[in-house]
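Here is the structure we will look at.
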Amino acid sequence: MSVTQIAIELGTSNTTVFLSGNGIVLSEPSVVAYSGAILRASGQRAKEMLGRAPEKTAVVCPIDEGVIADPAAAALMLGDFLGRVIDRRVFPGRIRALLAVPCGLTADERRDFEGVLLQCGVGEAVLVEKAICAAHGMGLPIQSPKGCFVADIGGGTADIAVISLSGIVEGCSICLGTKFMDRAVGRFVLEKHNLEIGPLSAEKLRESVGSLYENDVSTLTVNGTNCADKSPDSATVESRAVSRAVAPYYRRIAEAAESVINRCPPEICAQVLRSGINLCGGGALITGLEDYIRNVLKLPATVFPDAPYAVISGAGKLLGDRRLLADILNQN
Ligand SMILES: Nc1ncnc2c1ncn2[C@@H]1O[C@H](COP(=O)(O)OP(=O)(O)O)[C@@H](O)[C@H]1O
Ligand SMILES: [Mg+2]
Numbered sequence: 001m002s003v004t005q006i007a008i009e010l011g012t013s014n015t016t017v018f019l020s021g022n023g024i025v026l027s028e029p030s031v032v033a034y035s036g037a038i039l040r041a042s043g044q045r046a047k048e049m050l051g052r053a054p055e056k057t058a059v060v061c062p063i064d065e066g067v068i069a070d071p072a073a074a075a076l077m078l079g080d081f082l083g084r085v086i087d088r089r090v091f092p093g094r095i096r097a098l099l100a101v102p103c104g105l106t107a108d109e110r111r112d113f114e115g116v117l118l119q120c121g122v123g124e125a126v127l128v129e130k131a132i133c134a135a136h137g138m139g140l141p142i143q144s145p146k147g148c149f150v151a152d153i154g155g156g157t158a159d160i161a162v163i164s165l166s167g168i169v170e171g172c173s174i175c176l177g178t179k180f181m182d183r184a185v186g187r188f189v190l191e192k193h194n195l196e197i198g199p200l201s202a203e204k205l206r207e208s209v210g211s212l213y214e215n216d217v218s219t220l221t222v223n224g225t226n227c228a229d230k231s232p233d234s235a236t237v238e239s240r241a242v243s244r245a246v247a248p249y250y251r252r253i254a255e256a257a258e259s260v261i262n263r264c265p266p267e268i269c270a271q272v273l274r275s276g277i278n279l280c281g282g283g284a285l286i287t288g289l290e291d292y293i294r295n296v297l298k299l300p301a302t303v304f305p306d307a308p309y310a311v312i313s314g315a316g317k318l319l320g321d322r323r324l325l326a327d328i329l330n331q332n
């Protein structure tokens, strides 16, 4: 009986699934809504319920800071996602999965991921670091001894690594992602406009007018609640205000990247300084990131055009290259 091969990225913000022979078949927010043990919604529909659901419905983001925060909710969510893309009657229990994970997981965190996959009917699973998947997805030569330098800026973590000979030479997964930036944007709007906004409005602000160029003059009007009298209200927020809220996070990501390079052996360090850093993940799509990183780190910086899908593309490509995958798994 044939086996279904899939690659999965269970991200803090989004879950993506690659089905061997089909490509990327699912990309949904990592959110699930349920009451009791009954699933109400998953993905985009569940995300739209955040802050609006009736009392007895829990709306949960089961992945937090890159790891599983709520195993039962994660299994409910992923089980529903997989049910949309795999016909279980044809392949009961015959699913082999490659899961992209942050680097430096503890044994407990690995077990949580494996446990969730098992509950979703995955018979066999391997875990590969997101940074390696991202580099492969961006078409970088991960097997070469020259080294390549990547940063995947996601919702809950930024995974930064120098990769050479199919393994991580130096890397880190830091708890700095777009969710933290959105909270900072929310605090900023509260202080400046006395307006309380929800996470979806904060995300919209960052996505539409967030910029790392100081002279950006765009604005966006958002709705919320006036703090003084709790009435519905709105405010027009300037790009500059959003930038001020998010820039310290990008600064810390740049500093973490710098410390990763500084820990590398000199040969690789010299090579990487020449070839530069390759950025991906949804957080890399903020306007002006390439110029910002070039200025701060004084090295070339390239944002991958299909930034949110670099990890899952690389993970998917690995499914079809058993030798490279074995090589990667042997490094751990
Ligand atoms: N065009 C865009 N501009 C700015 N941010 C974006 C854009 N597209 C997606 N994002 C951001 O990407 C973030 C999610 O990134 P992603 O790499 O999918 O995270 P994760 O893999 O950790 O779940 C979201 O917070 C979203 O706001
Ligand atoms: Mg990601």
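Residue 185 in the working numbering is what sits at position 185 of the sequence shown, and the numbering runs on without skipping anything.
For each residue, glycine too, the CB sits at the ideal point set by N, CA and C.
What you are looking at is a predicted structure, and each value in this text was computed from that prediction instead of being measured.
Cβ separation of residue i and residue j, assumed to be a contact under 8 Å, to the nearest whole Å
i      : j      : result
Ser166 : Gly147 : In fact, because the Cβ distance is near 12 Å, the residues do not count as touching under 8 Å.
Leu26  : Arg84  : 6 Å
Ala100 : Val128 : 6 Å
Ser30  : Thr15  : 5 Å
Pro71  : Asp112 : 6 Å
Asp181 : Ala245 : The question names Asp, but residue 181 is Met in the sequence shown. With a Cβ gap of about 7 Å, Met181 and Ala245 count as contacting.
Ser13  : Thr178 : 6 Å
Cys264 : Val185 : At roughly 34 Å, the Cβ-Cβ gap does not stay under 8 Å, so Cys264 and Val185 are not in contact.
Gly123 : Arg96  : 7 Å
Phe18  : Ile312 : 5 Å
Ala75  : Cys120 : 6 Å
Glu9   : Phe81  : Contact doesn't hold; Cβ gap of about 11 Å is too wide.
Gly104 : Cys175 : Not really, about 12 Å apart at Cβ, beyond 8 Å.
Three-way DSSP call (helix, strand, coil) for residue i in this model
i      : result
Asp306 : coil
Phe46  : Here residue 46 is Ala; the residue named in the question, Phe, does not match the sequence. Note: Ala46 maps to helix in three-state DSSP.
Ile142 : coil
Cys175 : coil
Ser13  : coil
Ala37  : coil
Leu285 : helix
Asp327 : helix
Gly137 : helix
Val311 : helix
Gly23  : strand
Val296 : helix
Ala131 : helix
Ser275 : helix
Asp291 : helix
Gly147 : coil
Gly316 : helix
Ligand 1 heavy atom lying under 7 Å from the CB of residue i
i      : result
Ile286 : yes
Pro305 : no
Gly147 : no
Asn278 : no
Pro308 : yes
Ser13  : yes
Glu207 : yes
Gly177 : yes
Glu203 : yes
Gly104 : no
Gly155 : yes
Ser30  : yes
Any non-hydrogen atom of ligand 2 closer than 7 Å to residue i Cβ
i      : result
Gly281 : yes
Asp152 : yes
Glu65  : no
Val116 : no
Val272 : no
Val311 : yes
Glu9   : yes
Can at least three beta-carbon pairs, one atom from the region 257-277 and one from the region 220-228, be found at a separation below 8 Å?
no
_Segments assigned alpha helix (DSSP H), at least 4 residues, entirely inside the region 53-122_ = 71-85, 107-119
* Asked: Counting pairs of Cβ atoms below 8 Å between the region 238-251 and the region 319-330, do you hit three or more?
  -> no
What are the start and end residues of each continuous beta strand (DSSP E) run of 3 or more residues lying completely inside the region 178-226, in chain order? 219-226
Handout entry: the region 144-159 touching the region 276-291, judged by at least three CB pairs closer than 8 Å
Key = yes
Mind listing, in chain order, the continuous alpha helix (DSSP H) runs of no fewer than 4 residues lying wholly within the region 232-272?
Taken in chain order, the complete alpha helix (DSSP H) segments of 4 residues or longer contained in the region 232-272 are 239-262.
Problem set entry | Stretch-stretch touch, CB-based, cutoff 8 Å, three pairs: the region 285-298 with the region 207-215 | yes
- Query: Taking one C-beta from the region 97-117 and one from the region 48-56 each time, how about it: are there three or more such pairs within less than 8 Å?
  - Reply: Using a C-beta cut-off of 8 Å, the region 97-117 makes no contact with the region 48-56, since fewer than three inter-stretch Cβ pairs fall below that distance.
- [ ] Would you be able to state if there are at least three C-beta pairs under 8 Å between the region 128-146 and the region 37-49?
- [x] No: fewer than three Cβ pairs fall under 8 Å.
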